[in-house]
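The structure appears right after this line, and notes come after that.
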Amino acid sequence: MPEIPEIYAMASQLNEVMADEIIKKAEVSQEKCLNVPPEKFGDEVTGARIRRVTPTGKWIFVHMSGSRKLLVNLGMGADVRWNRAGEKPQVRLIFSSGSTLSLKFWWFGHVHLVKDDEMPAHRSTANLGPDALDDELTEDRFMQLMQSRRGQIKPLLQNQKFIAGIGNVYVQDMLFAAGIHPRSRVPAIPKEKLQKLYRGMKRQLSCAVELSGIAYERDIYGNPGRLEHFQVAYREGEECPRCGESIKKEKVGSSAAYFCPRCQILHR
Ligand SMILES: [Zn+2]
């Protein structure tokens, strides 16, 4: 499932190729992917000029003329392809230049057409916490946000209403780098460790953005990301790179946690 690094890489590529393009036609083969009927969607987007494409958490925002946006959520994953035919996508945008954008969602992906002045009422995006890589999420702000929380650290980091853009891949190594067991209770975690977590989060996500994300996700040209190695994520049974202990996998909250039981302290 794409997280900040993959979304940032894709949004940046889309911004390069889509800015100033004009939508000539929209083809929709699965109307459940939209928030409006396909005919209305087609009528509204036809003739719209793309202004820019930006990432927000796990969302891609396509800003269009007429004060409207397409809010794209890739759900559990999607093939987002520029000028690529192939398996029939649920949504395809055809531009005046002849270029096409195909969106083939694997599971739960969708495209919402929203007017700028309706954005506050678009719950899934209006309720998002700050994007993990947004400069406005400073260390002070991060510490402030943590102060009001009582639950376990791992599910909290993955809660999009708390901080947007982190899923079950990148969270694993962030907690490892900070030496925090995924099941630790937030109030029990020492301040220095939370600061370390904040810095590790920014560093790891930025590095992954540089590498265009993880190797099993693909960009808009079908090329894989260049991030191939994790420290503990998805390495159950392998040796911890720091101490050699066997990496464990356990369910924490509703998803799997990978961690080193020796390097990552459980703060209760
Ligand atoms: Zn270890």
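Those letters in the sequence shown? Residues 723 to 990, by this note's numbering. Backbone N, C-alpha and C define an ideal beta-carbon position, used for all residues, glycine too.
Using DSSP bridges, identify the partner residues of residue i.
i	result
W781	T778, N795
D853	A886
E961	S968
K837	R790
R814	E749, S824
V908	Its beta-bridge partners do not exist; DSSP assigns none.
R771	I744
K973	A978
L949	I936
L756	V833
I987	I902
Could you tell me whether any non-hydrogen atom of ligand 1 is closer than 8 Å to the CB of residue i?
i	result
R863	no
R964	yes
E967	yes
C982	yes
C985	yes
Going by the beta-carbon positions, is the gap between residue i and residue j smaller than 9 Å?
i	j	result
G922	F884	no
R803	K826	yes
L835	N757	yes
M723	N890	yes
Q917	E861	yes
K780	G887	yes
Q812	I942	no
I729	L796	yes
H832	K754	yes
V954	I936	no
E972	P909	no
T822	T778	no
S977	Q866	no
Y892	I782	no
H785	V794	no
R1001	S824	Any property of residue 1001 remains undetermined from this structure, which presents the chain solely from 723 to 990.
E967	E958	no
K924	L988	no
M798	F830	yes
Y938	Q894	no
R773	A800	no
K810	S751	yes
Grab the span of the beta strand (DSSP E) containing residue i for me, first residue to last.
i	result
R803	800 to 804
F981	977 to 981
May I ask which residues mark the beginning and end of the alpha helix (DSSP H) holding residue i?
i	result
K762	760 to 767
A937	Note, A937: premise wrong, no alpha helix (DSSP H); not H, not E.
T860	It is not in any alpha helix (DSSP H) - T860 carries neither H nor E in the DSSP assignment.
V739	726 to 740
A930	913 to 932
F898	892 to 900
A848	845 to 848
I875	875 to 880
Going by the C-beta, is residue i closer than 8 Å to any heavy atom of ligand 3?
i	result
Q735	Although ligand 3 was asked about, the structure shown includes only ligand 1 as ligands.
Using 8 Å as the threshold, is the region 745 to 758 in touch with the region 865 to 875, meaning 3 or more CB pairs across them?
Judged by Cβ distances under 8 Å, the region 745 to 758 makes no contact with the region 865 to 875, as fewer than three pairs qualify.
Can you find at least 3 beta carbon pairs, one from the region 886 to 900 and one from the region 975 to 984, that sit closer than 8 Å?
Segments in contact, yes.
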